[in-house]
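Each remark here refers to the structure printed beneath this line.
Residue numbers (our numbering), protein chains in the order written: chain A, 759 to 1141; chain B, 2 to 72.
Shown next, in the form of structure tokens:
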């Protein structure tokens, strides 16, 4: 009879064997994940890696992120805009571990984000490339920035008549209107709503229809706001549609977009003025008008301050003139002891006009002195 | 009333330039002050009322308040 082992002895041997083969070694694998269980409080994530042939699972092994590598999961969600969940294919670096009670699993050390994002981004990039290539007059790519006809339309100096494109009863609709209607400055807006489904296969066509309705009465609006609340990456797919993006790029009214969260950027966003979230679109519209009002207030201050100083200056000048007139008046001069000399009722300014034997009048403060000139000589007094 | 924000802005900006460059005679000052005030009132009223009510608001002379301090 063969030798009987205690379970722990066998498990120890398995452990040794695995240690011998895998200790210190890491592997890069690409596999689909399933049964993803995140424990955000502990920063753990349990999952299974699987490989399929058709519907048949041909390989399966447990996987785990511990707290020291959990940031990979968060980074994945931040970069991709989608939840780290079953059905995704990821590429990651793993270590084979064996636990005497819980068995064998793969500890994930790192996710290759470029691979995971690659698939989604590739499709989007292809659409962008095609937009630029097929519409050189509408869309240009310069230093990584997309310049479109729509983005180059100057915003009206004040934005008040808004065509809002969004989904009925959605968070985006509510957030946008709340921010607009309760703006802190009390600005008035008229918001015309063009509501449509914005999720699902047909959405991009429905969005185009709504924009066409707006275009038909474009003189009634200052701008178009396209808003949508947050969602997963696939929810934003309609906004990566070629035809919709092209139409947005060519649209005759400025379009402001707030699609999803800070981390999402759709192609439609790139073709228009992107403000990230519905609330931010609204805030920007309000601030745009506030900037205008501030300029008007600056004008007001400058104009009225200058007007006041003009009036003050005029008053000062008048006062000065009064003083001058008073200072030069004959009364003031006579009061000081000076005299005025006249001959034939003409004030003598040039002494050469007076000849010897001429009769002259000397006008003093309270008296007139009549005299005849008897002698003239050079003035050698030093006054 | 055919006044637009753009026209009000441009006219006001011109008035400010004129007065700052001493191009306004005292004789015209009262007139220019009146013009500036009308342009400012127009903007303030229009910002806070939808289009068709602007006229009413201007004749109404409702005081408008700015809640946020200017920068």
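Don't be surprised by glycine CBs; every beta carbon is placed ideally from N, CA and C.
*Please work out which residues of its chain come closer than 8 Å, Cβ to Cβ, to residue 933/A, disregarding the five sequence neighbours upstream and downstream, and give them in chain order.*
Cβ-Cβ distances below 8 Å link residue 933/A to 985, 987, 1035, 1036, 1037, 1040 in the same chain, with the five nearest sequence neighbours on each side left out; the list follows chain order.
*Where residue 56/B and residue 1000/A are concerned, what is the direct C-alpha to C-alpha distance, given to the nearest angstrom?*
For residue 56/B, the pLDDT reaches just 46, beneath the cut-off of 50, and the residue's location in the model is therefore unreliable, leaving the point undetermined.
_Strand pairing of residue 851/A, partner residues [DSSP]_ = Looking at the DSSP output, residue 851/A sits in a beta bridge with 786/A, 868/A.
*4-residue-minimum alpha helix (DSSP H) runs that sit fully inside the stretch 887-922 of chain A, ordered along the chain*: Entirely contained in the stretch 887-922 of chain A, the alpha helix (DSSP H) runs reaching 4 residues are, in chain order, 907-910.
*asked:* Taking 8 Å as the limit between beta carbons, can you name the residues of its chain near residue 773/A, skipping five residues before and five after?
replied: Cβ neighbours of residue 773/A within its own chain (closer than 8 Å, five residues either side excluded): 856, 858.
*Give me the Cβ distance between residue 1007/A and residue 972/A, rounded to the nearest whole Å; I'm assuming they're in contact under 8 Å.*
Actually they do not touch by this definition, with Cβ atoms about 15 Å apart.
_So residue 7/B contacts chain A; which residues on that side make the cut at Cβ distance below 7 Å?_
Neighbours of residue 7/B across chain A, judged by C-beta separation under 7 Å: 915.
*For residue 821/A, name the three-state secondary structure that DSSP assigns.*
Looking at residue 821/A - three-state DSSP - the assignment turns out to be strand.
*So, residue 793/A versus residue 806/A, is the Cβ gap smaller than 8 Å?*
Going by C-beta atoms, residue 793/A is nearer than 8 Å to residue 806/A.
*Okay, do the stretch 1064-1076 of chain A and the stretch 1086-1103 of chain A touch, 3+ Cβ pairs below 8 Å being the bar?*
Flag = no, the stretch 1064-1076 of chain A and the stretch 1086-1103 of chain A do not touch.
*Would you tell me roughly how many angstroms separate the C-alpha atoms of residue 939/A and residue 946/A, rounded to the nearest one?*
About 8 Å.
*So what does residue 863/A bridge to, in DSSP terms?*
Checking the DSSP bridge columns, you'll see residue 863/A partnered with 855/A.
*For the beta strand (DSSP E) that residue 1016/A lies in, which residues bound it at each end?*
The continuous beta strand (DSSP E) containing residue 1016/A extends over residues 1013-1017.
*Just grab the DSSP bridge partners of residue 1117/A for me.*
Residue 1117/A pairs with 1130/A.
*asked:* Tell me the DSSP secondary structure of residue 882/A in three-state form.
replied: Residue 882/A: helix per DSSP, three-state reduction.
*Exposed or buried, what is residue 931/A when buried is set at 16 or more other beta-carbons lying within 10 Å of its beta-carbon?*
Burial call: buried.
*residue 1138/A (DSSP reduced to helix, strand or coil)*: Coil at residue 1138/A, not helix or strand.
*Can you give me, in chain order, the residues of the stretch 1030-1051 of chain A that have a beta carbon less than 8 Å from any beta carbon in chain B?*
Of all residues in the stretch 1030-1051 of chain A, only 1047, 1048, 1050, 1051 place a beta-carbon less than 8 Å from a beta-carbon of chain B.
*Can residue 913/A and residue 956/A be called in contact, C-beta distance under 8 Å?*
Not a contact, by the Cβ cut-off of 8 Å.
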